[in-house]
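To start, the structure under review is shown below, and the notes come after it.
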Amino acid sequence: MVFLSCRVVTKTSSEYWDCSFISLTEKSQYTSRIKSLPLKFGECRYFDVSSLNEERYGRLPFSIRVLLESAVRNCDGFQVKSKDVENILDWENNQKQNVEIPFMPARVILQDFTGVPAVVDFAAMRDAVKRLGGDPGKINPLCPADLVIDHSVQVDVSRSSTALQKNQEMEFKRNKERFLFLKWGSKAFKNMTIIPPGSGIVHQVNLEYLGRVVFNMNGVLYPDSVVGTDSHTTMINGLGIVGWGVGGIEAEAVMLGQAISMVLPKVVGYKLTGQVKTFITSTDVVLTITKHLRQIGVVGKFVEFFGPGVTHLSIADRATIANMCPEYGATVGFFPVDEKTLLYLRQTGRSEETLERVEEYMKATKMFRDYSDPNNDPVFSEIVELDLSTVTPSLSGPKRPHDRVAVSDMKQDFMDCLNNKVGFKGFGIPADKQSLEVPFTFEGQEYKLSHGSVVIAAITSCTNTSNPSVMLGAGLLAKKAVELGLSVKPYVKTSLSPGSGVVTYYLQESGVVPSLEKLGFNVVGYGCMTCIGNSGPLSDEVSEAIEKGDLVAVGVLSGNRNFEGRIHPLTRANYLASPPLVIAYAIAGTTLIDFEKEPIGISKDGKEVFLSEIWPTREELQEVERQFVIPAMFKEVYAKVTTGNPRWNSLEAPDSMLYPWDEKSTYIKHPPFFQSMVKDLPSRESIKDAAVLLNLGDSVTTDHISPAGSISRTSPAARYLAGRGLAPREFNSYGSRRGNDDVMARGTFANIRLMNKFIGKAAPKTLHFPSGDTMDVFDAAERYRQEGRQLIILAGKDYGSGSSRDWAAKGPWIQGIKAVISESFERIHRSNLVGMGIMPLEYLPGQNAESLGLTGKESYTIEVPEDLKTGQTVDVKLNDGRLFKVKVRFDTDVELMYFKHGGILNYMIRSMLQ
-14 MVFLSCRVVT KTSSEYWDCS FISLTEKSQY TSRIKSLPLK FGECRYFDVS
36 SLNEERYGRL PFSIRVLLES AVRNCDGFQV KSKDVENILD WENNQKQNVE
86 IPFMPARVIL QDFTGVPAVV DFAAMRDAVK RLGGDPGKIN PLCPADLVID
136 HSVQVDVSRS STALQKNQEM EFKRNKERFL FLKWGSKAFK NMTIIPPGSG
186 IVHQVNLEYL GRVVFNMNGV LYPDSVVGTD SHTTMINGLG IVGWGVGGIE
236 AEAVMLGQAI SMVLPKVVGY KLTGQVKTFI TSTDVVLTIT KHLRQIGVVG
286 KFVEFFGPGV THLSIADRAT IANMCPEYGA TVGFFPVDEK TLLYLRQTGR
336 SEETLERVEE YMKATKMFRD YSDPNNDPVF SEIVELDLST VTPSLSGPKR
386 PHDRVAVSDM KQDFMDCLNN KVGFKGFGIP ADKQSLEVPF TFEGQEYKLS
436 HGSVVIAAIT SCTNTSNPSV MLGAGLLAKK AVELGLSVKP YVKTSLSPGS
486 GVVTYYLQES GVVPSLEKLG FNVVGYGCMT CIGNSGPLSD EVSEAIEKGD
536 LVAVGVLSGN RNFEGRIHPL TRANYLASPP LVIAYAIAGT TLIDFEKEPI
586 GISKDGKEVF LSEIWPTREE LQEVERQFVI PAMFKEVYAK VTTGNPRWNS
636 LEAPDSMLYP WDEKSTYIKH PPFFQSMVKD LPSRESIKDA AVLLNLGDSV
686 TTDHISPAGS ISRTSPAARY LAGRGLAPRE FNSYGSRRGN DDVMARGTFA
736 NIRLMNKFIG KAAPKTLHFP SGDTMDVFDA AERYRQEGRQ LIILAGKDYG
786 SGSSRDWAAK GPWIQGIKAV ISESFERIHR SNLVGMGIMP LEYLPGQNAE
836 SLGLTGKESY TIEVPEDLKT GQTVDVKLND GRLFKVKVRF DTDVELMYFK
886 HGGILNYMIR SMLQ
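So the sequence shown is numbered by this note's numbering: it starts at -14 and just counts up by one.
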């Protein structure tokens, strides 16, 4: 068991304890627990966390047990409230009461798109602390932080043996300034490790290398837990580590030692029974679960998987399911530590000492899951069930990751999308244009494109490249296809971007790489690439054909997101699929195919070949995996993970404590967030006569809000960069320029698929009132600023779903947004808004803009009372005399405190100055 030594640190109350862990070997010294007598100042007591109440602890979901352990810990010393321990122990009752608890993760993980602005903020905070008379050296990560550079590389070159080298060369050429800045950060800030570019995708590196399962900090043992600045941080839940994505702003506060304030979550028990059939992949399983849980509704809840079916899933399978957690909307999708966890740790080259520590600690604290006793299940808020034997081959799309489509239904479903028979999924192509074919010439040969033609086929993303079974499945399918003489048309942009060097290692050793390359699936880089929209350009010939026919061209990828405008501006339909299916659709060249009835191609002997003939069985894959995925590979690859990139090693970054900002830089710029900040708490500001910048509908994602993808040559950001002397080829992507607020503010709401009711069609535009002028969103916001008007946004359901992008809150803040009124918020984005001091407001149940007759042309006044409380309703007054009420979505007292300070980082600065 784990013991705590506790000392009262206030003379007037025994409410606060200063605590530190006692190691397992010392537990015999403290065989009795003293709990009944009040503690006196300076007096020490010892108690066993997991035995505070044996009956209640044993009934807790395993994910909640981790929260309990974390509640008594802080990064730079231990401080615990006795009521927090009691509140979590009494989870069965408190889960229904919106009880607030602290969560102090063991570490933070970042990727470079979110990591750069985090380091920029840290550098700016140091400047602010110095300006206000404090010690800038106090701005330093207190919680261990790992940053993996994986978001910068693009598929500029594909289908070439030199693709990897050329893409990495272009990555460094474009991003040298950003990389220099990050290398400065790795030297300037303590407790921060940076994994150089070319090492892999953050979540796969986390799973294969960084994940500890149990932390050993100077002999102190406690559960590994993590928050990350990427929504798919949840992937680590597959390894039995509680972790989820938070806003970049919130992660920065954790790095500075601030616990996350959260509402004690409900836990949905997801019972898995049965076993998947021989031709089913883990991707099919996760797409089925994603659709199921989206329908049930698990936003803001934990999902914990249990049941006999779990024992048939490898850790890689579990990680695939956990990775897609943001797509089904839960906070975590957790698989407790069990025997499979120990097997995976051994397979990935972890030491025997680590294995012994994990097994001993987890069993001692009753966090080790034993599925042999079905009567040992914990209590859940509710239970849902899936029989794995019912899972069928699946894709998801064409616009959302939870819109699962059975492969057998794909052809008809795509036609229904063209016909607009499926609501949100529809494209509205007129009947007389649905059979349109556009001829074009590519490399001297004639081809035709039509609706449903596949133009991007990418094996990408940590979701699936972390799973040897589906990656080897793709390789075996490619090998069989090549042996029969099948091929992929040369104009299809094919690519393979593994999530770590280990993947390439075992693909090479298993002998499938030549076949993959013959089909055009050359390794193009080690990073997220196509999954995050870094798909690079299509050929001019293909682009012109798509635009000429206004075609619904298709991207098929093994990723986790397929929102509109994300993958490529010209692929209006995008489908998530397993790596073997990606290759299958690349060979077929179209989504208008029924694989059960129609051949995938013609063999070199002139015979029809069906997909079932080349599809590998689960038994084949398990045998190849046993033979070729071995610990030595992981040890060799990760032994040089921080030193293996010579380009990174050659970078010479400054050694100063304060960053030497370059005013000419278009990548790294001193942000405006703290430049006018003062020591004293600012006075409360109500919202008066605010204009509506945007009137939005349902399912507005952070992809619609936050700058992402390539920078359009007609955008405000392009005009800004051109004004700084840059040519269009030098614009790079929004993601690469997240360290420059001038670019990012201009790219906020610049998505070409943004549906603003003021405009009535997809466009990054809005109307200015009262003039009625149509303008780019940033330009309208700037005009309102010059007029001295505050701004708000109206929105529908699920505002801010998608990736955990801090600029989806920072950009609106710079544009002057004071509040967002919506029907509901996605969890991470709501916390980001709070972190920037923007008010998240919700219509009362049953109400929305339409029911209230709001056009967005009105002026809005929102009176913020001095004694504002969590969950309070406030009045919204319109300039025409109407009034309605909204609920303030500050869910905890801590969030309310952040708002009063103007944001979470402002609060942290003032705290450090004190």
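Every residue, glycine too, gets a C-beta built ideally from N, C-alpha and C.
Same chain, Cβ closer than 6 Å to residue i, five either side skipped, listed in chain order
| i | result |
| --- | --- |
| F763 | P701 and R731 |
| T872 | Reading off the sequence shown, one finds Lys at residue 872, where the question assumed Thr. So the list reads E827 and T858, once near-sequence residues are dropped. |
| G411 | C402 and N405 |
| R303 | G223 and F320 |
| I889 | I234, A238, G820 and Y883 |
| L330 | L340 |
| S786 | T686 and E811 |
| S13 | Residue placement at S13 is flagged as unreliable, the pLDDT there being 35, under the threshold of 50; a coordinate-derived value is accordingly withheld. |
| F166 | I653 |
| W633 | P181 |
In DSSP terms, what residue i is bridged to
| i | result |
| --- | --- |
| V317 | F287 |
| A443 | S480 and L542 |
| D860 | K870 |
| P424 | K433 |
| L561 | S381 and L542 |
| S807 | E827 |
| E367 | V253 |
| I94 | D131 and G213 |
| W229 | V212 |
Enclosing beta strand (DSSP E) for residue i [first to last residue]
| i | result |
| --- | --- |
| F631 | Per the sequence presented here, residue 631 reads as Pro, with Phe not at that position. Element bounds for P631: not the beta strand (DSSP E) but the alpha helix (DSSP H), P631 to N634. |
| V677 | I672 to N680 |
| P825 | M824 to Y828 |
| M247 | I245 to V248 |
| M202 | V199 to M202 |
| D761 | T759 to D761 |
| E583 | Note, E583: premise wrong, no beta strand (DSSP E); not H, not E. |
| K946 | Here the chain covers residues -14 to 899 and nothing more, so residue 946 does not appear. |
| T846 | Y845 to I847 |
| R389 | R389 to A391 |
Test item: CB-CB of residue i and residue j under 9 Å
| i | j | result |
| --- | --- | --- |
| T241 | L95 | As written in the sequence, residue 241 is Leu, which differs from the Thr given in the question. Contact: no. |
| P139 | M514 | According to the sequence as given, residue 139 is Gln; it is not Pro. Yes, the Cβ-Cβ distance between Q139 and M514 is below 9 Å. |
| A766 | L681 | no |
| S454 | L327 | no |
| I599 | L457 | no |
| I86 | S246 | yes |
| C516 | G550 | no |
| G259 | S374 | yes |
| A925 | Q771 | With the chain running from -14 to 899 in the structure shown, residue 925 is simply not present. |
| R385 | V211 | no |
Endpoints, alpha helix (DSSP H) assigned at residue i
| i | result |
| --- | --- |
| A794 | W792 to Q800 |
| V609 | R603 to F613 |
| G170 | A148 to A173 |
| K885 | D878 to H886 |
| Y623 | P616 to Y623 |
| R704 | P701 to G708 |
Proximal residues to residue i (C-beta, below 8 Å), its chain only, five neighbours per side dropped
| i | result |
| --- | --- |
| S901 | The chain is shown only over -14 to 899; residue 901 falls outside these bounds and no answer can be derived. |
| K151 | D141, V142 and S145 |
| L22 | Because L22 carries a pLDDT of 32, less than 50, the predicted location of this residue cannot be relied on, and the following value inherits that uncertainty. No residues qualify anywhere along the chain. |
Own chain partners of residue i with C-beta closer than 7 Å, once the 5 adjacent residues on each side are dropped
| i | result |
| --- | --- |
| L149 | V508, V509 and G510 |
| S896 | none |
| E610 | P453, S454 and L457 |
At least 3 beta-carbon pairs within less than 8 Å: the stretch 437 to 457 vs the stretch 558 to 573: Touching, yes, given that three or more Cβ pairs across the two stretches are closer than 8 Å.
Meets three-Cβ-pair contact criterion under 8 Å: the stretch 734 to 742 and the stretch 683 to 691: Below 8 Å, enough C-beta pairs join the stretch 734 to 742 and the stretch 683 to 691 to call them touching: three or more.
Cβ contact check for the stretch 485 to 495 and the stretch 438 to 446: 3 or more pairs under 8 Å: With a cut-off of 8 Å, the stretch 438 to 446 and the stretch 485 to 495 do not count as touching, because too few Cβ pairs lie within range.
Stretch pair the stretch 382 to 392 + the stretch 423 to 436: three plus CB contacts closer than 8 Å: By the Cβ test, the stretch 382 to 392 is not in contact with the stretch 423 to 436, since fewer than three Cβ pairs between them sit closer than 8 Å.
Inter-stretch contact (C-beta, 8 Å, three-pair minimum) for the stretch 298 to 313 and the stretch 265 to 279: Three or more Cβ pairs closer than 8 Å define a contact, and the stretch 298 to 313 meets that threshold against the stretch 265 to 279.
contact_flag[the stretch 167 to 185, the stretch 102 to 110] where n(CB pairs < 8 Å) is 3 or more: Enough Cβ pairs lie closer than 8 Å, so yes.
Cβ pair count under 8 Å reaching 3, the stretch 518 to 535 against the stretch 182 to 202: These segments do not touch.
The stretch 661 to 674 touching the stretch 830 to 848, judged by at least three CB pairs closer than 8 Å: The answer is yes - the stretch 830 to 848 touches the stretch 661 to 674, with three or more Cβ pairs under 8 Å.
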